[in-house]
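Undergrad:
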Amino acid sequence: GQQLNQSPQSMFIQEGEDVSMNCTSSSIFNTWLWYKQDPGEGPVLLIALYKAGELTSNGRLTAQFGITRKDSFLNISASIPSDVGIYFCAGRLSSNTGKLIFGQGTTLQVKP
Amino acid sequence: EAGVAQSPRYKIIEKRQSVAFWCNPISGHATLYWYQQILGQGPKLLIQFQNNGVVDDSQLPKDRFSAERLKGVDSTLKIQPAKLEDSAVYLCASSLGDRAGQPQHFGDGTRLSIL
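Which chain is which? The protein sequence lines are R and H, in order.
The numbering used here applies: residue 4 is where the first sequence begins, and numbers increase by one.
The numbering used here applies: residue 76 is where the second sequence begins, and numbers increase by one.
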């Protein structure tokens, strides 16, 4: 089946540092989404990207839809302790209706 | 607006027993999804409903899993009989539709442990 490769698997950073994570795929996607999941909760949508090359910000978060449509990255600037959690990328295949393929997640820990 | 509601939050059963999960989507959302999230992995789609019809159940283990959305609102997911590898969080999500620009909103899930 289709797979998304998400990296890094985990990060441990100091408060105030910037963070970058990315996802790559062998398949072309028509939508890229970035979710955050806290322990015991469901994923919460952070940013949605719908066009190749699109760069979108949500507060301290910035994400881009790769030109090749096979990759996306998420940046978090000036990290704070509440940024701790698991970040997932998810993509929608062009030929699919609604089905999301999720990456394996990036676990972020922030040291105050 | 109220989010996606799921119950129970936790369930512990022995292998070969049966279990059912319930989901109430966001009001007005026509599309409903059930995902399985194994520890340390991203969610994997099990089944997608559009109103009360199944759109995609290609990854649903149909020999033991079943799901229904009889009136196009609430949905139940059942496992019978359960196996050890079914231990996971079962997430329900809903969206207005299945078009781009209609993002999925997730519930907090049911954590299932099989003994």
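In this text, a Cβ means the ideal position worked out from N, Cα and C, and glycines have one as well.
Locate the beta strand (DSSP E) running through I79/R, then write down its first and last residues.
TA: Taking the first residue of the first sequence as 1, we reach residue 79/R at position 76. Residues D74 to I79.
Undergrad: Which residues in chain R sit within 9 Å of T185/H, going by Cβ to Cβ distance?
TA: In the second sequence, the residue the question calls residue 185/H occupies position 110. What T185/H touches in chain R: nothing, since even the nearest Cβ is about 11 Å away.
Undergrad: Determine whether the beta carbon atoms of S169/H and H104/H lie at a separation below 7 Å.
TA: Along the second sequence, read from residue 1 onward, the residue named residue 169/H stands at position 94. Along the second sequence, read from residue 1 onward, the residue named residue 104/H stands at position 29. Going by C-beta atoms, S169/H is nearer than 7 Å to H104/H.
Undergrad: Taking 7 Å as the threshold (beta carbon to beta carbon), is L120/H in contact with chain R?
TA: Position 45 of the second sequence, counted from the first residue, corresponds to residue 120/H. Yes - at least one Cβ of chain R is within 7 Å of the one on L120/H.
Undergrad: Could you check whether K153/H and S141/H sit closer than 7 Å to each other, using their CB atoms as the reference points?
TA: As a working note, residue 141/H is residue 66 in the second sequence. As a working note, residue 153/H is residue 78 in the second sequence. Result yes, Cβ atoms of S141/H and K153/H sit closer than 7 Å.
Undergrad: Given 8 Å as the limit, is there contact between the segment 33–46 of chain R and the segment 165–180 of chain H, that is, 3 or more CB pairs closer than that?
TA: The segment 33–46 of chain R, when compared against the segment 165–180 of chain H, does touch it at the 8 Å Cβ threshold.
Undergrad: Which of the residues in the segment 169–182 of chain H, read from start to end, lie with their CB under 9 Å from any CB of chain R?
TA: S170, G172, D173, R174, A175, G176, Q177, P178, Q179, H180, F181 and G182
Undergrad: For K54/R and Y90/R, which I take to be in contact (beta-carbon distance under 8 Å), what is that distance rounded to the nearest angstrom?
TA: Within the first sequence, residue 54/R is the residue found at index 51, counting from 1. Within the first sequence, residue 90/R is the residue found at index 87, counting from 1. The pair is not a contact, with the Cβ atoms about 22 Å apart (cut-off 8 Å).
Undergrad: Within 7 Å (strictly less), CB to CB, does Q107/R reach chain H?
TA: Mapped onto the first sequence, residue 107/R falls at position 104. Answer yes: the Cβ-Cβ gap between Q107/R and chain H drops below 7 Å somewhere.
Undergrad: With a threshold of 6 Å on Cβ separation, who are the neighbours of Q123/H within its own chain once the five nearest residues in sequence on each side are excluded?
TA: Here the question's residue 123/H lines up with position 48 in the second sequence. Cβ within range, chain order: Y108, V130 and D131.
Undergrad: Is there contact here, the segment 11–18 of chain R with the segment 102–113 of chain R, by at least three beta-carbon pairs under 8 Å?
TA: Touching, yes.
Undergrad: Note down, in chain order, every chain H residue with its Cβ under 7 Å from the Cβ of T32/R.
TA: Locating residue 32/R in the first sequence gives position 29, counting from the first residue. Here residue 32/R turns out to be Phe, not Thr, going by the sequence shown. What F32/R touches in chain H: nothing, since even the nearest Cβ is about 10 Å away.
Undergrad: Scan the segment 79–96 of chain R for residues whose Cβ lies nearer than 8 Å to a Cβ of chain C and list them as they occur along the chain.
TA: Protein chains in the displayed structure are R and H, and chain C is not among them.
Undergrad: Which value, in whole angstroms, describes the spacing of the CA atoms of G147/H and C167/H?
TA: For the purposes of this step, residue 147/H is taken as the residue at position 72 of the second sequence. For the purposes of this step, residue 167/H is taken as the residue at position 92 of the second sequence. So the two alpha carbons sit approximately 14 Å from each other.
Undergrad: Nearest to I141/R by alpha carbon, out of S29/R, F15/R and E18/R?
TA: As shown, chain R starts at 4 and ends at 115. That puts residue 141/R outside it, with no answer to give.
Undergrad: What's the call for N126/H, buried or exposed, on a 16-neighbour Cβ count within 10 Å?
TA: Residue 126/H sits at position 51 when you count from the first residue of the second sequence. N126/H comes out exposed.
Undergrad: I'd like to know whether the C-beta of T106/H is nearer than 7 Å to at least one C-beta of chain R.
TA: For the purposes of this step, residue 106/H is taken as residue 31 along the second sequence, with counting starting at 1. Yes, T106/H counts as interfacial toward chain R.
Undergrad: Which complete beta strand (DSSP E) runs does the segment 139–183 of chain H hold, if anything under 3 residues is left out?
TA: 140–143, 150–154 and 163–170
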